[in-house]
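Residue numbers (our numbering), protein chains in the order written: chain A, 1 to 272; chain B, 1001 to 1174. We put the CB at the ideal spot given by N, CA and C, even for glycine. Keep in mind that this is a model prediction, so the values were computed, not measured. What follows is a short report on a single structure.
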Amino acid sequence: MKVNKRMKISRKKSKYLWLILGIILLMILNSQGLLDKPKDLFFRGTASVQGSLWKEGRKVSDKLSFFSDLINFRSEREKLLKENNKLRSEIAKLKELERENRILRQGLNISSQENFELVLTQIIAKGSENLSDSIFINKGKKDGILENMAVVSPQKILVGKVSKIYDHFSKITLIFDKASSINVRVQSSRAKGILAGEGMNNLTIDLIKREEDIKSGDIIITSGLGESIPKGILVGGVIEVQRKDIEPFQRAKVKSYLDFGNLEEVFIITGY
Amino acid sequence: MKYLLIILFFILMGLLQVTIISQLLVGEIVVNLVLISIIFFNIFKKLKKYGIWASLAGGLTLDLFSTLPFGVITLSFILITFFIQRFSNIFKKITILPIVLSVGLMVVTYNFLLVTLVKIQNFIPIFKWYQIDYLSLRHFLGIEIVYSIGVTILFYFILELVCKLKNVFSKKKI
Chain A
1 MKVNKRMKIS
11 RKKSKYLWLI
21 LGIILLMILN
31 SQGLLDKPKD
41 LFFRGTASVQ
51 GSLWKEGRKV
61 SDKLSFFSDL
71 INFRSEREKL
81 LKENNKLRSE
91 IAKLKELERE
101 NRILRQGLNI
111 SSQENFELVL
121 TQIIAKGSEN
131 LSDSIFINKG
141 KKDGILENMA
151 VVSPQKILVG
161 KVSKIYDHFS
171 KITLIFDKAS
181 SINVRVQSSR
191 AKGILAGEGM
201 NNLTIDLIKR
211 EEDIKSGDII
221 ITSGLGESIP
231 KGILVGGVIE
241 VQRKDIEPFQ
251 RAKVKSYLDF
261 GNLEEVFIIT
271 GY
Chain B
1001 MKYLLIILFF
1011 ILMGLLQVTI
1021 ISQLLVGEIV
1031 VNLVLISIIF
1041 FNIFKKLKKY
1051 GIWASLAGGL
1061 TLDLFSTLPF
1071 GVITLSFILI
1081 TFFIQRFSNI
1091 FKKITILPIV
1101 LSVGLMVVTY
1111 NFLLVTLVKI
1121 QNFIPIFKWY
1131 QIDYLSLRHF
1141 LGIEIVYSIG
1151 VTILFYFILE
1161 LVCKLKNVFS
1171 KKKI
């Protein structure tokens, strides 16, 4: 009886061992890119289900957020009215500057920097655990998407970078992900730094020189240094600056302007 | 046939997780419905034999959509299955309390396992380095435990209601 029980336990243990070895083998095959075709096949087979489930999820999430929005409605309204007035005057100023800029560019024969080639894509899934931030889109290698291309929202706010491409699908690592780091600068003072994801919608800029000017409320844009992300894409605003006397660099916390909850489509910048 | 149904069910659960559940955030936190289902499958005696296949199917589906290194979610689920199957025998009767305790404990174990496995794979040169540390768990672990326990209690009462209704209807037939 005891021998039988022991045999049963050791058989169970060996089952676990074989499974673990099998998964390690899959991990090795994946690292060599040998699982890309089967993965693409799976995504293609489930794409229509994913697309409709994602839309259903959007609806449920909208209904649930309606109740929480009601609670904050009054204070949000006041805040937005103030912001609206401020933005109106800024828009007027910017329109004037844009006109001047266009005339100067025409005079100097320089093409506009915002002539991006964009590919519209649909979000079909989101990474499933709290340790990483990623989304899945319905365009891939066959649509001209390449790894490391920049991804922006319809309002041209930086969303992230293409981290993995399959024939018909791509994985986007969001700017909040711990694996994300992007060269950025402060729009007003032109101070440079590295924007790093901290997870859970948190962002920090590191390696800003001590003598550089950075303060709460400053706007952060991409610097376009040494990567496939064009310069001048809007990222977010500084909410807190951390400065220590003994350290040669400053750090700043940044809040992204991205409203991820309402994001359904994103654009991939395929050329600029 | 039953095994195939369980595998298909967990693939569907994985798809539900990455599409619908991932949008139902509480304080920016996602609840892991696949993990909760796996715990349910491994804790009830009648379902235990399917537990490992549930972990495999659910884990591989979630791995496909994750930016974490491929395979670590599946490995964590298999280890979770091993732990629950080993230790669930200490509960004489499966009531809500042991289930809630298991979910709370396993949510912590699962997240620690994920970080540990990624750290281990970072040492192996053929795999890509992935930036991760235990400190990042502090941002969400507390809320994830509470959220998961809430969903588990809801799950448990729905299951109990279904069982009661089933009994009522089977008695009526007799």
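- The beta-carbon of B:Leu1159 is placed no less than 8 Å from the nearest beta-carbon of chain A.
- Within chain A, no C-beta atom comes less than 8 Å from the C-beta of B:Thr1152; the nearest is roughly 17 Å away.
- Counting only runs of 4+ residues, the alpha helix (DSSP H) found wholly inside the segment 1079-1166 of chain B occupies 1096-1122, in chain order.
- In the structure shown, A:Ala125 falls within a strand segment according to DSSP collapsed to helix, strand and coil.
- Asn1111, Leu1114, Val1115, Gln1121, Ile1126 and Phe1127: these are the residues of the segment 1097-1127 of chain B whose beta carbon lies less than 8 Å from some beta carbon of chain A, given in chain order.
- Where B:Gln1017 is concerned, the enclosing alpha helix (DSSP H) starts and stops at Lys1002 to Thr1019.
- Taking the CA atoms as reference points, A:Arg88 sits about 44 Å from B:Asp1133.
- Going by DSSP, A:Asp206 is part of no alpha helix (DSSP H) but of the beta strand (DSSP E) stretching over Asn202 to Lys209.
- Secondary structure note for B:Ile1043: its alpha helix (DSSP H) is the uninterrupted segment Leu1033 to Ile1043.
- The residue among A:Gln50, A:Ile28 and A:Ser31 with its C-alpha nearest the C-alpha of B:Met1013 is A:Gln50.
- Listed along chain B, no residue sits closer than 8 Å to A:Arg44 by beta-carbon distance, the nearest being about 12 Å off.
- At a cut-off of 8 Å between beta carbons, B:Ile1029 contacts chain A.
- Under the three-state reduction of DSSP output, B:Val1026 falls in the strand class.
- Annotated three-state conformation of A:Gly199 is strand, per DSSP.
- In this chain, the beta strand (DSSP E) harbouring A:Gln242 covers Leu234 to Gln242.
- In the structure shown, A:Ile103 adopts helical secondary structure according to DSSP, grouped into three states.
- The beta carbon of B:Ser1055 is closer than 6 Å to those of Ile1038, Phe1077, Ile1078 and Thr1081 in its chain, skipping five residues each way along the sequence.
- DSSP links A:Glu265 through a beta bridge to A:Gln122.
- By the CB criterion at 8 Å, A:Thr222 and A:Leu158 fall inside the cutoff.
- For the set B:Ser1170, B:Pro1125 and B:Val1026, the Cα lying nearest the Cα of A:Gln32 is the one of B:Pro1125.
- Under the Cβ distance rule, B:Thr1019 counts among the residues neighbouring chain A, one pair being separated by less than 8 Å.
- The CB of B:Phe1083 never comes closer than 9 Å to any CB in chain A; the least such distance is about 11 Å.
- In its chain, beyond the 5 residues on either side, Pro1069 and Val1118 have a beta carbon closer than 6 Å to the beta carbon of B:Tyr1130.
- Contact of B:Ser1066 with chain A by beta-carbon distance below 8 Å involves Gly127, Ser128, Glu129, Ser132 and Ser134.
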